[in-house]
Amino acid sequence: DTEVTQTPKHLVMGMTNKKSLKCEQHMGHRAMYWYKQKAKKPPELMFVYSYEKLSINESVPSRFSPECPNSSLLNLHLHALQPEDSALYLCASSQDWASGANVLTFGAGSRLTVL
Amino acid sequence: RKEVEQDPGPFNVPEGATVAFNCTYSNSASQSFFWYRQDCRKEPKLLMSVYSSGNEDGRFTAQLNRASQYISLLIRDSKLSDSATYLCVVSPPDTGGFKTIFGAGTRLFVKA
Numbered sequence: 025d026t027e028v029t030q031t032p033k034h035l036v037m038g039m040t041n042k043k044s045l046k047c048e049q050h051m052g053h054r055a056m057y058w059y060k061q062k063a064k065k066p067p068e069l070m071f072v073y074s075y076e077k078l079s080i081n082e083s084v085p086s087r088f089s090p091e092c093p094n095s096s097l098l099n100l101h102l103h104a105l106q107p108e109d110s111a112l113y114l115c116a117s118s119q120d121w122a123s124g125a126n127v128l129t130f131g132a133g134s135r136l137t138v139l
Numbered sequence: 018r019k020e021v022e023q024d025p026g027p028f029n030v031p032e033g034a035t036v037a038f039n040c041t042y043s044n045s046a047s048q049s050f051f052w053y054r055q056d057c058r059k060e061p062k063l064l065m066s067v068y069s070s071g072n073e074d075g076r077f078t079a080q081l082n083r084a085s086q087y088i089s090l091l092i093r094d095s096k097l098s099d100s101a102t103y104l105c106v107v108s109p110p111d112t113g114g115f116k117t118i119f120g121a122g123t124r125l126f127v128k129a
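Residue numbers (my numbering), protein chains in the order written: chain X, 25 to 139; chain G, 18 to 129.
The structure is reproduced here in structure tokens:
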């Protein structure tokens, strides 16, 4: 069983809908991540939060809005998405080192379909 | 040139075979290196971190060659359960290790 929990596992939404993906970890990790993965492609980094502050935004369109309410929770708010945004959205967490290797623990993902 | 490049495969090998994957990276100042494994429709999971001195975990051996900017993964005595996509992951410098770049992955099929 994964130690990073993502909900929902599957989500179907229309282009005018507003929905949210949720991620939770209780490993005491201080860095949390959102990745997007299309079929047969590697994960692509979207956002990184370190100590609940946004550290990296990989020029993600504003229709994706991340939120980190506390060190255990990470949300991704979705609004006015396009069909090409359909993908597997992976949450990950890692220990926060001042420098050096951050080993990622991934959740099982939320599979999003935009109609 | 892509930041992280891998041979996509697929590699089709019989059980018991030894198979090697290579990965090259473009930024010579990259800090951290990993191999992840991803099963079909599952999340990636860490297989090994890769150190300059090389490291081994059972049937798996990882090597880093900083001069040539490549990372390798050797799997000995392949098992059916080793069938998966193997992702090379590199952290570029000056991002505190947070930014991770995944290679496109190498697919391995181990057959009986």
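Glycine included, every Cβ here is placed at the ideal spot set by N, Cα and C.
Please read all numbers here as calculations on a predicted model, not as lab measurements.
Query - Beta-carbon separation (whole angstroms), GLU130(G) vs LEU114(X), contact threshold 8 Å - result: As shown, chain G starts at 18 and ends at 129. That puts residue 130(G) outside it, with no answer to give.
Query raised in the report: Tell me which same chain residues have a C-beta within less than 6 Å of the C-beta of MET56(X), skipping the five on either side of it?
Result: Working through the first sequence from its first residue, we reach residue 56(X) at position 32. If we look at MET56(X) and ignore the five residues flanking it on each side, its Cβ neighbours are TYR73, LEU98 and SER117.
Query raised in the report: Run through DSSP, which three-state label would GLU73(G) get?
Result: Position 56 of the second sequence, counting from 1, holds the residue named residue 73(G). Three-state DSSP puts GLU73(G) in a strand.
Report task. Measure the alpha-carbon distance for MET39(X) versus SER43(G) and round it to whole angstroms. Result -> Residue 39(X) sits at position 15 when you count from the first residue of the first sequence. Residue 43(G) sits at position 26 when you count from the first residue of the second sequence. Spanning the two alpha carbons is a distance of roughly 38 Å.
Query raised in the report: So, is ASP99(G) buried or exposed, given that buried needs 16 or more other C-beta atoms within 10 angstroms?
Result: Position 82 of the second sequence holds residue 99(G). The residue in question, ASP99(G), is buried, as its Cβ has 16 or more Cβ neighbours within 10 Å.
Requested in this report: Return the Cβ separation of MET51(X) and THR129(X) in integer angstroms, given the expectation that the two are a contact with Cβ distance under 8 Å.
Outcome: For the purposes of this step, residue 51(X) is taken as residue 27 along the first sequence, with counting starting at 1. For the purposes of this step, residue 129(X) is taken as residue 105 along the first sequence, with counting starting at 1. With a Cβ gap of about 7 Å, MET51(X) and THR129(X) count as contacting.
Query raised in the report: Taking DSSP as the reference, what is the three-state secondary structure of GLU82(X)?
Result: What you label residue 82(X) is simply residue 58 of the first sequence in a count that begins at 1. In the structure shown, GLU82(X) sits in coil (DSSP, three-state: anything other than H, G, I, E or B).
Query - Contact belief for ALA111(X) with LYS62(X) at Cβ below 8 Å, rounded distance in angstroms - result: As a first step, residue 111(X) must be located in the first sequence, where it is residue number 87. As a first step, residue 62(X) must be located in the first sequence, where it is residue number 38. Rounded, the Cβ-Cβ distance is 5 Å, consistent with contact.
**Report entry** Neighbour list for PHE119(G) in chain X, Cβ cutoff strictly below 8 Å
**Finding:** As a position in the second sequence, residue 119(G) is number 102, starting the count at 1. Per Cβ cutoff of 8 Å: PRO66, PRO67 and GLU68.
Report task. Assign HIS53(X) to buried or exposed, taking buried as 16 or more other Cβ atoms, counted over all protein chains shown, within 10 Å of its Cβ. Result -> As a working note, residue 53(X) is residue 29 in the first sequence. Classification of HIS53(X): buried, given that the 10 Å Cβ count is 16 or more.
Requested in this report: Determine the DSSP secondary structure at LEU97(G), reduced to helix, strand or coil.
Outcome: For the purposes of this step, residue 97(G) is identified with residue 80 of the second sequence, where counting begins at 1. Three-state result, LEU97(G): helix.
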